[in-house]
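Read the structure below first, then the notes.
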Amino acid sequence: VSPNRTCGLLQGGANLGLTCPGEFACCSGYGYCGTGDDFCLTTGGCQARYSNTSAACVAPRSGVTVSIDGTCGAAGAGKAGYRCPGNASVSCCSAS
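Counting from 1 along the sequence shown, just add 811 to a position and that's the residue number in this note's numbering.
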């Protein structure tokens with residue numbers, strides 16, 4: 812169990828494979844423990860194996876969600892398929 816809210820194998824988790832303590836349900840794609848969409852959405856890379864329970868990671872209700880990291884679209888950095896903040900029905904991604 813993580814002593815400092817880092818978890819998993821990616822970025823902050825530093826390949827240590829630590830799991831999140833009870834008060835923090837999810838291990839984010841960035842390797843940090845927390846709760847809410849920023850940590851628990853599968854489109855954000857939630858690491859189920861290192862979350863408090865494997866059921867902690869969830870898919871967004873609509874299949875896509877507003878970007879939490881500034882990326883959008885279905886390719887490149889936006890591979891999660893996020894939409895930009897604002898009008899959720901319109902993707903405002905650049906071509907590059």
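The C-beta atom is built at its ideal place from N, Cα and C for all residues, glycine as well.
These figures come from a predicted structure and were not determined experimentally.
- Taking 7 Å as the cut-off, the Cβ atoms of Gly855 and Gly833 do not count as close.
- C-alpha of Gly824 to C-alpha of Pro871: approximately 24 Å in a straight line.
- At least 7 Å separates the beta-carbon of Cys844 from that of Cys851.
- As the crow flies, the alpha-carbon of Ala866 is around 11 Å from that of Thr853.
- In this structure, the CA atom of Asn815 is about 12 Å from the CA atom of Leu827.
- Secondary structure of Cys857 (DSSP, three-state): coil.
- CA-to-CA, the gap between Cys818 and Thr846 works out to about 13 Å.
- Taken atom to atom, the span from the alpha-carbon of Cys868 to that of Leu820 is near 16 Å.
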